[in-house]
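Since the structure comes first, as structure tokens, the remarks are kept for the end.
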Amino acid sequence: MNEMNPRPNNIDAFWMPYSANRAYKSAPRMLARAEGMYYYTNDNREVLDGTAGLWCCNAGHGRREITEAIQRQAATMDFAPTFNMGHPLAFQAAAKLAEITPEGLDRIFFTNSGSEAADTALKIALAYHRARGQAQRVRLIGRERGYHGVGFGGMSVGGIGANRKQFGALLPYVDHLPHTHNLVANAFSRGQPAHGAELADALEGLVALHGDTIAAVMVEPLAGSTGVLIPPVDYLRRLRAICDQHGILLIFDEVITGFGRLGANFGAEALGVTPDMLTMAKGLTNAAVPMGAVAVHERIYEAIVEGAPAGIELFHGYTYSGHPLASAAAIAVIDLHRAEDLPGRARDMAPYFEAAVHGLRGLPNVIDVRNLGLVAGIELQPRAGKPSDRAMRIFHRCFDAGVLIRTTGDIVALSPPLVMERPHLDRIVETLAEAVRAEAA
Ligand SMILES: Cc1ncc(COP(=O)(O)O)c(C=O)c1O
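Rendered as structure tokens:
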């Protein structure tokens, strides 16, 4: 039993997010501590982390530099408001972040989560057009199978039916592009799939339908949460070109693809396409303290801020925007990210990762393997009449064998910390292969 984190007696009160509460509570799995590539359960069992927590602990767990920065700041000043007030770390964190964001995206708006970052970016897009005398641009375009968190903006622009149907009326002026997942043409692609760039042209169709009322398009460069959907070659470039042609802002949701995951600071850099705004969270603080951010192009900031009458320019913000502990964590993370060249490590490991995950091809019920940077999706044939069951059972088998994976429907997603070494990956893939075989037996 772990003394720091004893097993709680009452597990009823916590309404768990995005969880099958009843199933979990009938057989709880408790993580009690973490270090490097490993979690340790309540009964001190080692669990190798194949998912960087929830796509977020890119630098590995329990990094001393981050922990100490948070501890120092907690002892110096717990909180300071950032509404017409300031503290140095928020400014330092923003300036440091602007050094690694794509060129031009140098104005940083802090939030507390990826969901808030998505809603913030959408609101900034509306405010930008209004500031420029184009108040008719109120329409927001997302993509099927897109995930932008759970606020009303991100949920509405997101393209996951299950996330929406419980909640009735959403934002009224929203439309969606088709998703890019194509198992017929692109199965078992290594890196970016060859087919599907033309799906970006659907934006032309939406422009024909909606005219000059579109404010922004928001997409994940690589959709993680709906099962690792990798952008086809040239798709994002085409989307960028159509947005430019029609005065539409392009927003990348980089909550998963930021901070080295694709072998560069951000997915924008890895994929060679620069958006007008970019959202992030997760890896920004290595998940040690909640924080999100939107990196905004200089020209958007200027249109909203420089052109406004005296007083508050953007009526938006959170009590905890630029929170001192989160800012301290972000500064430590960016320093660490640079000192250890985490994007470079991901880039160097990517070919080995690709070969290892594609080794799962040919196992029973594996209908696709796809990968980019240090992300992979392994798609399984669903059991007849029991969607998600096969993957969930494989998840349990892996966990019992000491490896944490993530599943979405019948897709297994791997996104290990970027500090992973080859033996870690070998163990993750072997354990997964064993579980896939056992489920087919
Ligand atoms: C692309 C993307 N956007 C937004 C979010 C929401 O972030 P959060 O859970 O921090 O609100 C996520 C979370 O997984 C995500 O993957």
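For reference, each letter of the sequence shown is one residue, going 0 to 440 in numbering that gives the first Met the number 0.
Just so it is clear, CB atoms sit at the ideal spot from N, CA and C, and this is done for glycine as well.
So which of the options has the shortest CA-CA distance to residue i?
i: V218; options: H395, I159 and L373; result: I159
i: L235; options: G343, H245 and I250; result: I250
i: E197; options: H209, A240 and M36; result: A240
i: A329; options: I107, A214 and Y317; result: I107
i: S112; options: H336, D252 and D243; result: D252
i: A280; options: T273, G358 and V293; result: V293
i: M76; options: H322, L202 and V156; result: H322
i: M29; options: R436, L403, E438 and A440; result: L403
i: P274; options: V216, G61, G59 and N8; result: V216
i: Y172; options: L182, S155 and V183; result: S155
i: R421; options: E438, A26, G306 and M36; result: M36
With H, G and I counted as helix, E and B as strand and the rest as coil, what does DSSP make of residue i?
i: H180; result: coil
i: K122; result: helix
i: M0; result: With a pLDDT of only 44 at M0, under 50, the local geometry of the prediction cannot be trusted, and the value read off the model is given with reservation. DSSP places M0 in coil when its eight states are reduced to three.
i: V173; result: strand
i: K164; result: coil
i: T406; result: strand
i: Y146; result: coil
i: T110; result: strand
i: R71; result: helix
i: V411; result: strand
i: G343; result: helix
i: G132; result: coil
i: V293; result: strand
i: R382; result: strand
i: L202; result: helix
i: L208; result: helix
i: G141; result: strand
i: H423; result: helix
i: H60; result: strand
i: N285; result: coil
i: L418; result: Per the sequence shown, the amino acid found at residue 418 is Val instead of Leu. Of the three classes helix, strand and coil, the one that applies to V418 here is coil, per DSSP.
i: Y319; result: coil
i: A117; result: helix
So the beta strand (DSSP E) residue i belongs to, where does it begin and stop?
i: A375; result: V374 to L379
i: A214; result: I213 to V218
i: I366; result: V365 to L371
i: T278; result: M276 to M279
i: L235; result: Taken as a continuous stretch (DSSP letters only), L235 belongs to no beta strand (DSSP E), being part of the alpha helix (DSSP H) at Y234 to Q244.
i: E45; result: E45 to D48
i: E34; result: L30 to E34
i: T40; result: Y37 to T40
Could you check if residue i is buried or exposed, using at least 16 other CB atoms within 10 Å of its CB as the buried criterion?
i: I427; result: buried
i: K385; result: exposed
i: F314; result: exposed
i: M0; result: Residue placement at M0 is flagged as unreliable, the pLDDT there being 44, under the threshold of 50; the coordinate-derived value follows with that caveat. With fewer than 16 other Cβ atoms within 10 Å, it is exposed.
i: P342; result: buried
i: R6; result: exposed
i: N17; result: At residue 17 the sequence reads Tyr, which differs from the Asn that was named. Classification for Y17: exposed.
i: W14; result: exposed
i: I410; result: buried
i: L88; result: buried
i: R144; result: buried
i: E115; result: buried
i: Q72; result: buried
i: E353; result: buried
i: F166; result: exposed
i: T318; result: exposed
i: P289; result: buried
i: I311; result: exposed
i: E301; result: exposed
i: A19; result: exposed
Which residue marks the beginning of the alpha helix (DSSP H) containing residue i, and which one marks its end?
i: E297; result: E297 to Y300
i: I261; result: For the record, residue 261 in the displayed sequence is Leu; it is not Ile. Where L261 is concerned, there is no enclosing alpha helix (DSSP H), given that its DSSP letter is neither H nor E.
i: D388; result: D388 to D399
i: F151; result: F151 to V156
i: T225; result: Premise fails: T225 is in no alpha helix (DSSP H) and is neither H nor E.
i: S252; result: Correcting the residue type first, residue 252 is Asp in the shown sequence and not Ser. Here D252 belongs to no alpha helix (DSSP H); instead the beta strand (DSSP E) covers L248 to D252.
i: P80; result: Counting along the chain, P80 falls outside any alpha helix (DSSP H), and DSSP gives it neither H nor E.
i: G266; result: G266 to L270
i: Q91; result: P87 to I99
i: D334; result: P323 to A338
i: G52; result: A51 to W54
i: N20; result: N20 to S25
Would you verify that the beta carbon of residue i is, or is not, closer than 8 Å to some beta carbon of chain C?
i: P171; result: No chain C is present in this structure, which holds just one protein chain.
Ligand 3 and residue i: does the residue's C-beta get closer than 7 Å to at least one heavy atom of that ligand?
i: H178; result: This structure lacks ligand 3; its bound ligands are ligand 1.
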